[in-house]
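Visitor: Here it is, the structure, as structure tokens.
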Amino acid sequence: MFMTMTSIGQLTVMLALSYLLSLRCCTGFPLVGHHVSHKRLKHARIRAIKQEILMKLGLRTEPDVSNVNTTVDERRRMLRMYKKSVEDMYGKQHALFEDDEFFAKRFYSFGDTGLLRSPEDADTWENMGSFKLHFSPDIPMPDDARKETHIHSAKLKLHKNFVKPSHLANRTTVDNDIRVNVYMLIGDTPATNDTKMRKPARRLLDSKIVSLDATGWEEFDIAAAVQVWVSDPETNFGVEVSSAEQPIGDLIEFALATSGVHDNEVLPDVGPRLDVYAQDTYILGRQKRSEEKFECVQGDGENRCCRYPLWISFKDIGWSDWVVAPEGYQAYYCDGRCPHRYKIAHNFAAIKSLIYHMNPAAAPAPCCTATKLSPITLLHYDDTGRLVVSVYEDMVVNECMCA
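This note's numbering puts the first residue of the sequence shown at 4, with every later residue one more than the last.
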């Protein structure tokens, strides 16, 4: 079966990339000591990497994005998708981006809108199993699609007007404490055969022990919910406050009234509050250079097989208009001699090294080459002008051995 011109071209590029990332092949590529400059070799390697990326994209040339008009929301959504893909691949503890604390934190305070309660709720505490609150955190997203609003903290503050420790049903301890839970309401769940009704689905945000010995303020952490609401306001169904032990209304009367609801009975400044600290951050933060130590660097005197750094900057190679993230990546490359029994990759390489050592004319010398590689993840435009996240295998040299 004859190979097509396309498959021949792909094979040629793949061989060239392997050839150049290993600096030299065992068939006469000039060694470092010969008259081939390090700069020329670096440019040759970068050209091979560019060809490899385009080939894996199925492109002959870079996409033309001069007329692409991506919305801020779409670009921000794809940046988040890219970040999640990178975190899934490397783990958050080894993420390629570090948190950016450059921008100042802004403080906001919001009152309960009362949308989830009737004005009579404050007068019907007896046997109230739980109560719902709704806040409308009007915190704007930045205009720059590379940034998002990060909720640094969000505290739900509730004031205990009255406590009723004598109503505790469970008297197994001497402490007058109960556990209060705060849930994020996340819409409705379908009706079941048992209930015949739709019930709100919910997610636990915070849970804490609350004393029934004194009135005063209690704080609950609901930052996870506020982050979701700010990113997508349509998901804001409010929160629910309840007790695991017994109906919360049996034990605590919180100040539920806010401005417009029973103003003459409860001061507005003791109504439910949501205090938020927000901060603009870059979605990807600042890109980290690899934390790995280079085995070798040019000019360090090592001439045996070793791995060297090779930073590929998409801006420097003219691709920053269509490769959105990352800014670049550390590709590495292999270089150096392979003396007898040095960094042997496998048994066949050991035999090859022994034969060459005994009779150089009988077999080629082992070659310093990449034996372990890993992928890179790119957020880029395709040839139709869509933003896509792609993973490219075998683009980073992790290990160099003699083979």
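Positions of the beta carbon are idealized from the N, C-alpha and C atoms, including for glycine. Predicted, not measured: the structure shown is a model, and the values here were computed from it.
At the level of alpha carbons, what is the spacing between Ser210 and Val300?
Guide: The residue labelled residue 210 in the question sits at position 207 within the sequence shown. The residue labelled residue 300 in the question sits at position 297 within the sequence shown. Those two C-alpha atoms are separated by around 53 Å.
Visitor: Would you list the residues sitting across from Arg310 in a DSSP beta bridge?
Guide: Taking the sequence shown and counting its residues from 1, one reaches residue 310 at position 307. Cys337, per the DSSP bridge assignment.
Visitor: How should Ala365 be labelled, buried or exposed, when 16 other C-beta atoms within 10 angstroms of its C-beta is the threshold for buried?
Guide: Here residue 365 corresponds to residue number 362 of the sequence shown, with the count starting at 1. Classification for Ala365: exposed.
Visitor: Between Gln282 and Ser139, what straight-line distance do the alpha-carbon atoms span, to the nearest angstrom?
Guide: Position 279 of the sequence shown, counted from the start, is the residue given in the question as residue 282. Position 136 of the sequence shown, counted from the start, is the residue given in the question as residue 139. Using only the alpha carbons, I get a separation of about 18 Å.
Visitor: Please report how far the alpha carbon of Glu65 lies from the alpha carbon of Trp322, in whole angstroms.
Guide: Against the sequence shown, residue 65 aligns to sequence position 62. Against the sequence shown, residue 322 aligns to sequence position 319. About 8 Å.
Visitor: Looking only at DSSP bridge pairs, what is Trp220 linked to?
Guide: Numbered from its first residue, the sequence shown carries residue 220 at position 217. Answer by DSSP bridge pairing, in chain order: His162.
Visitor: Are three or more beta carbon pairs between the stretch 222–229 and the stretch 149–161 nearer than 8 Å?
Guide: Taking 8 Å as the limit for Cβ pairs, the verdict is that the stretch 149–161 does touch the stretch 222–229.
Visitor: Below 8 Å on the Cβ atoms is my guess for Leu188 versus Phe134; work out the distance and round it to an integer in Å.
Guide: Here residue 188 corresponds to residue number 185 of the sequence shown, with the count starting at 1. Here residue 134 corresponds to residue number 131 of the sequence shown, with the count starting at 1. Actually they do not touch by this definition, with Cβ atoms about 12 Å apart.
Visitor: How long is the line joining the alpha carbons of Ile142 and Val233, rounded to whole angstroms?
Guide: For this step, residue 142 is matched to residue 139 along the sequence shown. For this step, residue 233 is matched to residue 230 along the sequence shown. Cα to Cα, the separation comes out at about 7 Å.
Visitor: Quick check: the stretch 82–90 against the stretch 377–389, are at least 3 beta-carbon pairs closer than 8 Å?
Guide: With a cut-off of 8 Å, the stretch 82–90 and the stretch 377–389 count as touching, because enough Cβ pairs lie within range.
Visitor: Grouping DSSP H, G and I as helix and E and B as strand, with all else coil, what is Gln249?
Guide: Within the sequence shown, numbered from 1, the residue matching residue 249 stands at position 246. Note: Gln249 maps to coil in three-state DSSP.
Visitor: Going straight from the alpha carbon of Val229 to that of His170, what length do you get?
Guide: Along the sequence shown, read from residue 1 onward, the residue named residue 229 stands at position 226. Along the sequence shown, read from residue 1 onward, the residue named residue 170 stands at position 167. C-alpha separation (whole angstroms): 34 Å.
Visitor: Going by beta carbon distance, what residues of the same chain come within less than 7 Å of Phe106, once the five residues before and after it are set aside?
Guide: Position 103 of the sequence shown, counted from the start, is the residue given in the question as residue 106. For Phe106, where only same-chain residues beyond five positions count, the Cβ hits under 7 Å are Gln282, Asp283, Thr284.
Visitor: Take the Cβ of Trp325 as the centre, count every other Cβ of all protein chains shown within 10 Å, and call the residue buried at 16 or more, exposed below.
Guide: By 1-based counting over the sequence shown, the position of residue 325 is 322. Buried: at least 16 other Cβ atoms inside 10 Å.
Visitor: Beta-carbon separation of Val400 and Tyr336 under 8 Å?
Guide: Within the sequence shown, numbered from 1, the residue matching residue 400 stands at position 397. Within the sequence shown, numbered from 1, the residue matching residue 336 stands at position 333. Yes, these two residues count as a Cβ contact at 8 Å.
Visitor: For Glu243, which beta-bridge partners are listed by DSSP?
Guide: Here residue 243 corresponds to residue number 240 of the sequence shown, with the count starting at 1. Beta-bridge pairing links Glu243 to Lys135, Tyr186.
Visitor: Indicate the three-state DSSP secondary structure (helix, strand or coil) for Asp480 in the structure shown.
Guide: No answer is possible for residue 480: the residues shown for the chain start at 4 and end at 406.
Visitor: Report yes if the C-beta distance between Ala352 and Ala406 is below 8 Å; otherwise report no.
Guide: Stepping through the sequence shown from its first residue, residue 352 is reached at position 349. Stepping through the sequence shown from its first residue, residue 406 is reached at position 403. Yes; because the gap between Cβ atoms is below 8 Å, this pair is in contact.
Visitor: Do you know how far the Cα of Lys318 is from the Cα of Ile52?
Guide: Here residue 52 refers to the residue found at position 49 when the sequence shown is read from its first residue. Here residue 318 refers to the residue found at position 315 when the sequence shown is read from its first residue. Roughly 15 Å separates the two Cα atoms.
Visitor: In the DSSP output, which residue or residues are listed as bridge partners for Phe106?
Guide: Locating residue 106 in the sequence shown gives position 103, counting from the first residue. Its beta-bridge partners do not exist; DSSP assigns none.
Visitor: Tell me, to the nearest whole angstrom, how far the beta carbon of Leu215 is from that of Asp180; I am working on the premise that it is less than 8 Å.
Guide: The residue given as residue 215 occupies position 212 in the sequence shown. The residue given as residue 180 occupies position 177 in the sequence shown. Their Cβ separation, rounded to whole angstroms, is 7 Å, which keeps Leu215 and Asp180 in contact under 8 Å.
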